[in-house]
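J.: Oh and the sequence shown: position 82 is 516 in the working numbering, straight run, nothing missing. Don't be surprised by glycine CBs; every beta carbon is placed ideally from N, CA and C.
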Amino acid sequence: MAGQFEATTEINRPIEEVFAFLADGTNDPKFSPRVQQIVKSPEGATAVDTVFLSTVKDAGMTTKREFRISELEAPTRIRWTETSKNTVTATEGGYDLESLEGGRTRVRIYNALEGHGIGKLLVGVALSAARKDAPAFAQRIKKAVEES
435 MAGQFEATTE INRPIEEVFA FLADGTNDPK FSPRVQQIVK SPEGATAVDT
485 VFLSTVKDAG MTTKREFRIS ELEAPTRIRW TETSKNTVTA TEGGYDLESL
535 EGGRTRVRIY NALEGHGIGK LLVGVALSAA RKDAPAFAQR IKKAVEES
């Protein structure tokens, strides 16, 4: 079983600032407690084909993750795909940003999860947990961007 989770939040910052914060994937630990470490390759501005290598802890297991930026349309759209081989991966994910009145920004995040091998049995549990946490995840993104 594969599936998707998503969440939406409104951030009290202009779209350009929100885009810059989110495009710099090294900010992920500021709102995702599962991300223990993350580095960008190559260094410099994020672009299509930039890779983020991270160490994450899920359900007590530490794994290495590799995400490649597949689309980048400033300031409204960021897409990625997980290229690492783990039991459950995000085959596609992204942010959609929309400018709102008063210098605010609406952000929608989503990830499509897929299981591999034994992960085909685990993906339902992972998806359920991600969907349950999605509203809180969106609020953590909001807080991190507004505090940056």
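1. Is DSSP giving T496 helix, strand or coil here?
2. Exposed or buried, which one is S582 when buried takes at least 16 other CB atoms within 10 Å?
3. Would T525 pass as a contact of E507 if the rule is Cβ separation under 8 Å?
4. So, at 7 Å on beta carbons, what are the nonlocal neighbours of D492 in its own chain, with the 5 sequence-adjacent residues on each side left out?
5. Since I believe E440 is in contact with I394 (beta carbons under 8 Å), could you give me their beta-carbon distance rounded to a whole number of angstroms?
6. In the DSSP output, which residue or residues are listed as bridge partners for V522?
7. Flag this pair as touching only if the segment 435-454 and the segment 527-539 have three or more C-beta atom pairs under 8 Å; answer yes or no.
8. Which class does A479 belong to by DSSP, given the choice of helix, strand or coil?
9. Buried or exposed: where does G528 fall if 16 or more other Cβ atoms within 10 Å of its Cβ makes it buried?
T.: Checking against the coordinates, here is how it stands:
1. Within the sequence shown, residue 496 is the residue found at index 62, counting from 1. T496 falls in the strand class under three-state DSSP.
2. Translated into the one-based positions of the sequence shown, residue 582 becomes position 148. Exposed is the label assigned to S582, since fewer than 16 other Cβ atoms lie within 10 Å of its Cβ.
3. The sequence position of residue 525 within the sequence shown is 91, counting from 1. The sequence position of residue 507 within the sequence shown is 73, counting from 1. No. Outside cutoff.
4. If you number the sequence shown from 1, residue 492 lands on position 58. For D492, where only same-chain residues beyond five positions count, the Cβ hits under 7 Å are R468.
5. Since the first residue of the chain shown is 435 and the last is 582, residue 394 is not available in this structure.
6. As a position in the sequence shown, residue 522 is number 88, starting the count at 1. G549, per the DSSP bridge assignment.
7. The segment 435-454, when compared against the segment 527-539, does touch it at the 8 Å Cβ threshold.
8. By one-based count along the sequence shown, residue 479 stands at place 45. In the structure shown, A479 sits in coil (DSSP, three-state: anything other than H, G, I, E or B).
9. Here residue 528 refers to the residue found at position 94 of the sequence shown. It counts as buried.
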